[in-house]
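For the sequence shown, numbering that gives the first Met the number 0 gives the first residue as 0, with consecutive numbering after it.
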Amino acid sequence: MKGALKPHRTPQAVAHAANGLANAPIAVFASYNSSPYTIAVPANSAIRTPQDRQGKLLAAHPQDAAMLLFPEFCRKTGLDASTVRTAIDAAPHSAMVPELIAGKWNGMFGFVNTLIAASIDAGLDPKALLYIEYEDHVPELYGMALMVTKEMATTEPDTVRKLLRAFNRGLADTIFESQAACWALAIWTTPDLRAESSCWSPPKTCHINPRRVSCLIAAFDHL
């Protein structure tokens with residue numbers, strides 16, 4: 000296959016595309032019509048709005064997508080990013096959530112479903128966390144894009160279309176048979192999947208909206 004699907008670290012790939020680099024991959028499909036990013040806080044904390052994060056300490060995985068897009072979240076909400084501190088931690092989310100609840104940090108970057116599953120995996124009630132979601136404040140953002148090299152998109156458009164049809168069929172099957180999809184994943188992974196399967200909710204699939212994409216491109220100019 001010419002122009003093969005070369006591996007990219009997602010944040011690097013997005014940054015390259017945003018900066019207009021000649022060899023940057025391009026997004027050809029978006030699975031979510033709203034961003035899954037969030038900043039989770041203990042449900043019993045006083046943090047309820049973006050402005051409540053001033054002077055707070057937020058935890059994040061290295062290269063966390065929600066953290067990388069935090070400047071845009073701040074721009075849209077008026078929050079001064081310089082007043083917020085970030086602590087990088089590479090521990091599993093299931094280990095970080097109990098530490099968040101215990102007060103090690105004031106909040107935590109992540110994906111909503113990921114943190115719900117991590118809470119269950121840690122033996123906690125998912126309602127112990129409150130989620131301030133990016134989709135409520137930066138509605139232009141999509142989520143989970145499929146990217147290919149420009150060479151592949153140009154020289155093998157039929158291959159890309161076939162790839163997207165196969166991916167979309169798999170996504171549709173996953174939505175309609177979510178439990179079966181979770182257990183099919185067990186072929187490739189060995190951890191207990193009860194946490195993932197119990198909190199599954201159908202993703203917000205979509206067709207690309209040109210107006211929102213234009214807004215998103217403009218947003219990246221500020222990063």
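All C-beta atoms in this analysis are idealised placements derived from N, C-alpha and C, irrespective of residue type, glycine included. A quick note: this is a predicted structure, and the numbers were derived from the prediction, not measured.
Which first and last residues belong to the alpha helix (DSSP H) in which residue i is found?
i    : result
V111 : 111 to 120
L184 : 177 to 184
R74  : 69 to 76
Which residues mark the beginning and the end of the beta strand (DSSP E) in which residue i is found?
i    : result
V96  : Careful: V96 lies outside any beta strand (DSSP E), inside the alpha helix (DSSP H) at 92 to 100.
E150 : No beta strand (DSSP E) contains E150, which is instead part of the alpha helix (DSSP H) from 149 to 154.
T37  : 36 to 41
R84  : 84 to 87
Y31  : 25 to 31
A58  : 56 to 59
E134 : Looking at the DSSP string, E134 is not in any beta strand (DSSP E), and its letter there is neither H nor E.
Please report the distance separating the alpha-carbon of residue i from that of residue j.
i    : j    : result
P97  : D172 : 34 Å
A94  : A127 : 15 Å
R168 : R160 : 12 Å
M143 : Q53  : 29 Å
K5   : S44  : Note that K5 scores a pLDDT of 41, beneath 50, so its modelled location is shaky; the value from the coordinates is reported in the next line. In a straight line, the C-alpha of K5 is about 43 Å away from that of S44.
A130 : N22  : As written in the sequence, residue 130 is Tyr, which differs from the Ala given in the question. Near 36 Å, if we compare the C-alpha coordinates of N22 and Y130.
T48  : R84  : 17 Å
D124 : K103 : 18 Å
N32  : T82  : 30 Å
G109 : Q178 : 23 Å
T37  : E132 : 4 Å
C73  : A39  : 16 Å
I115 : A165 : 29 Å
A285 : V111 : Any answer about residue 285 is impossible in this case: the structure gives the chain only from 0 up to 222.
A90  : I119 : 16 Å
K1   : D88  : Low confidence applies here, because K1 scores a pLDDT of 42, under 50, leaving its location unreliable; read the following figure in that light. The alpha-carbon atoms of K1 and D88 are separated by roughly 38 Å.
Kindly give me the distance between the Cβ atoms of residue i and residue j, rounded to whole angstroms, as I take these residues to be in contact under 8 Å.
i    : j    : result
L78  : Q50  : 6 Å
A86  : A117 : With 8 Å as the limit, A86 and A117 do not qualify as a contact, their Cβ atoms being about 17 Å apart.
E134 : S34  : 5 Å
F28  : L163 : 5 Å
Leaving out five residues on either side along the sequence, give the residues of the same chain with a beta carbon under 6 Å from the beta carbon of residue i.
i    : result
L99  : M107
A180 : T173
N105 : K55, L56
K75  : H136, V137
A80  : P70, C73
Whose C-beta lies closer than 8 Å to the C-beta of residue i among residues of the same chain, with five residues either side of it excluded?
i    : result
A3   : Note that A3 scores 40 on pLDDT, short of 50, meaning its location in the model is unreliable and no value can be drawn from it.
D236 : Residue numbering for the chain in the displayed model covers 0 to 222; residue 236 lies beyond these limits and cannot be assessed.
A121 : S93, A94, V96, P97
I46  : V40, R52, K55, N105, G106, L129, I131
Taking 7 Å as the limit between beta carbons, can you name the residues of its chain near residue i, skipping five residues before and five after?
i    : result
T113 : H92
A42  : K126, A127, L128, L129
Does the beta carbon of residue i come closer than 8 Å to any beta carbon on chain C?
i   : result
Q53 : In summary, chain C is missing from the structure at hand, where a single protein chain is found.
>> Does the stretch 52 to 66 come into contact with the stretch 148 to 155, if we say contact requires no fewer than three beta-carbon pairs (one atom in each stretch) closer than 8 Å?
In response: no
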